[in-house]
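Residue numbers for the sequence shown follow our numbering, beginning at 1 and rising by one. Think of the CB as a built atom: it goes at the ideal place given N, C-alpha and C, for glycine as much as any other residue.
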Amino acid sequence: MDKRSVGLKKLFIDGIRYWFLIILVGILGAVGGWRSTVSYNQNVDKEIAAAEEKKKKAEEYAAYLAQDEVEVKTFTRKECEETLKGNALKDVLDTYAWYQGREMKRDYMENSLYLTMEPYDFNALYLEFRVIREQGVGDTAAFADQVSFNSYIHALRCYVIFNGLVDDLIEQKNLDITARSLSEMISINDGGKDFYDDYLLLTVYQSSATEALTDDIVKAFIAYGDELAKIYPGLHLELGEVHKANYYNSGLNSAIETQRQAVANDQAKIDASLKKLNSMQIAYYNMLVNGTDEESVTEIVVAGQAKKKAAATEEEDLPTKRRLLPMLLIGGVAGVVVAFVLIFFANLLSGKLLFMKDFSGIYGVKVLGAFHEKKKSGISGKLYQAEYPDAEDKEDPAYLYLALRETCRRQEVQNAVIVSTGALDQVEGIKTLVEKAKKDGISLSTVDAFPKSSDDAEKLLDADGVILAEAMHKTRLRNMDKLMTFCKENNVNMLGAVGIVNK
């Protein structure tokens, strides 16, 4: 099996389909949670009395040892600036400089259009422009013509690189965006290696701020090209192809991580420096940060034995009894989760054809469509409709047949075979496809229960193309493996696959 995935929708459908299994495993989980809670609480009851007495004594002794004598000191800005000199003042200013640097980096990360994009779902728009040389240019010396062309391209590049385009957009559209932030979203490439060539590529990273600017970018860029044509006559710009791409931007991811690390480094420097500053230095630093003229700090006069307090605190933890109802719920939820995990692996490891995407995911066959051979009523029917929402009615599988017909026409197939590992003789939807194809001059024949004879194999080899038709939830993958291996090894033209639902 090459590739099979199970979506949440399929798990939800199977959860309804096998509700009795969910309830049963949930009840078993709740019973297990209840029993484990009762046993645990019985053991806790035996330990609480002695543990509480020990905890009380440890807390009293640790609190006695750890008492610190502290006092609050208040400093003014004038007092600090008159007292702090030399290295003492330099240490405070260095710490404040790191604080300012950290804040600027944070502000840049929060307000940069580029750095706030998602690198794992990155979208870019590519605008391809061509520089057109009008007839008549080139009658003069070739060198002069090439110099004008190079100057024209160079001016266009400078217009983008040095924010001319960005400034025009901000002014024309009255955008609430900084030129620095917007310029990170637009770049230009002339495509040449050792010389300018006729094609210019504008790349516009797609965000909420730039998606609406596409037309304005094109107009502004062409308008600037027209202005340059007054200086370099005979040249003008035309918009060519427009492409979009979605990809993982490793450069953006690295830039974000670099900024985050830079902020963390500044914070580490601030924390390390504050540990070395005295009370007055810390107060002055707080004044610089808060913009105040007076700050108060707490100063330890006599330090207690904090390590002993920490050690006593670590030893005094008491066991906590578990509440019965939450544990019942947790056990029940755990049981439901286990049930869904079982359903997940049952789907993932199933030897039957369950998903339409199995055709392409496992065998690499194009999916043409599906149809309902039998429509079930009630909840079962609703579940099948939810599981295969695109399946059509067997009497008129319009989109399915359209996909089949156009596939045959594109590949110039006049004689095709519908093949299946199961029975097709009583499948009305297949008969409908055969009749429709006959009206359009396409001959469709069927081969079922493959491989039941060598004649069937010869029929596949002689056909212009083969269409795979299999029943969902019934066809076994091991039978399909034989069929697909035969077609692959014998270069049989596999046109696509059709799913039969509720057969």
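In whole angstroms, what is the alpha-carbon distance linking residue i and residue j?
i, j, result
"valine 6", "phenylalanine 344", "7 Å"
"serine 273", "lysine 78", "22 Å"
"valine 367", "glutamate 470", "11 Å"
"valine 166", "leucine 115", "18 Å"
"glutamate 103", "aspartate 45", "52 Å"
"isoleucine 362", "leucine 213", "42 Å"
"lysine 54", "isoleucine 48", "10 Å"
"glycine 26", "valine 427", "41 Å"
"glutamine 281", "valine 337", "56 Å"
"lysine 474", "lysine 439", "31 Å"
"proline 397", "leucine 353", "21 Å"
"asparagine 41", "lysine 321", "5 Å"
"alanine 312", "glutamate 184", "Model confidence at alanine 312 stands at a pLDDT of 48, short of 50, so the residue's coordinates are unreliable and nothing is read from them."
"phenylalanine 355", "methionine 472", "7 Å"
"valine 204", "glutamate 299", "56 Å"
"leucine 125", "alanine 423", "50 Å"
"arginine 4", "lysine 375", "27 Å"
"glutamine 261", "aspartate 94", "19 Å"
"glutamate 277", "glycine 101", "Note that residue 277 is leucine in the sequence shown here, rather than glutamate. Near 19 Å, if we compare the C-alpha coordinates of glycine 101 and leucine 277."
"leucine 11", "lysine 173", "49 Å"
"glutamate 387", "tryptophan 98", "58 Å"
"valine 333", "isoleucine 13", "18 Å"
"serine 181", "glutamate 134", "37 Å"
"tyrosine 196", "asparagine 163", "20 Å"
Per the DSSP calculation, residue i is bridged to which residue(s)?
i, result
"methionine 494", "Val466"
"lysine 544", "There is simply no residue 544 to check, as the chain begins at 1 and stops at 503 in what is shown."
"glutamate 128", "Leu201"
"lysine 85", "Paired residues: none, contrary to the question."
"aspartate 393", "His372"
"glutamate 238", "Arg130"
"leucine 444", "Ala416"
"lysine 352", "Arg476"
"valine 367", "Ala497"
"alanine 50", "Paired residue(s): none; alanine 50 is not in a bridge."
"isoleucine 186", "Val204"
"lysine 244", "Leu125"
"alanine 471", "Ile500"
Quick check on this structure: which residue in the options has the alpha carbon closest to the alpha carbon of residue i?
i, options, result
"serine 360", "Val38, Leu495, Gly32 and Val427", "Leu495"
"leucine 288", "Thr76, Ala49, Arg35 and Val44", "Thr76"
"methionine 480", "Phe450, Val492, Leu460 and His473", "Phe450"
"alanine 331", "Val263, Ala179 and Val31", "As written in the sequence, residue 331 is glycine, which differs from the alanine given in the question. Residue Val31 is the option with its Cα nearest to glycine 331."
"alanine 463", "Gln414, Gly422 and Met185", "Gln414"
"tyrosine 248", "Asn150, Glu387, Glu118 and Asn290", "Glu118"
"asparagine 490", "Asn502, Val466 and Thr320", "Val466"
"glutamine 206", "Gly234, Lys244 and Val263", "Lys244"
"valine 327", "Gly422, Lys436 and Thr37", "Sequence inspection shows methionine at residue 327; the valine mentioned does not correspond to that position. Closest by alpha carbon: Thr37."
"arginine 323", "Trp34, Gly422 and Leu28", "Trp34"
"leucine 28", "Gly86, Asn347 and Leu329", "Leu329"
Write down the C-beta distance between residue i and residue j rounded to the nearest angstrom, noting that I regard them as a contact closer than 8 Å.
i, j, result
"arginine 130", "glycine 240", "5 Å"
"leucine 402", "glutamate 392", "The Cβ separation is near 11 Å, so there is no contact."
"leucine 201", "isoleucine 188", "7 Å"
"isoleucine 442", "arginine 405", "7 Å"
"leucine 156", "alanine 220", "So it is not a contact: roughly 11 Å between Cβ atoms."
"phenylalanine 122", "asparagine 286", "Incorrect: roughly 41 Å between the Cβ atoms, too far for contact."
"glutamate 373", "valine 498", "Wrong, their Cβ atoms sit about 11 Å apart, outside the cutoff."
"isoleucine 430", "threonine 446", "6 Å"
"leucine 444", "leucine 433", "6 Å"
"valine 297", "lysine 73", "6 Å"
"tyrosine 152", "leucine 228", "6 Å"
"leucine 21", "alanine 339", "6 Å"
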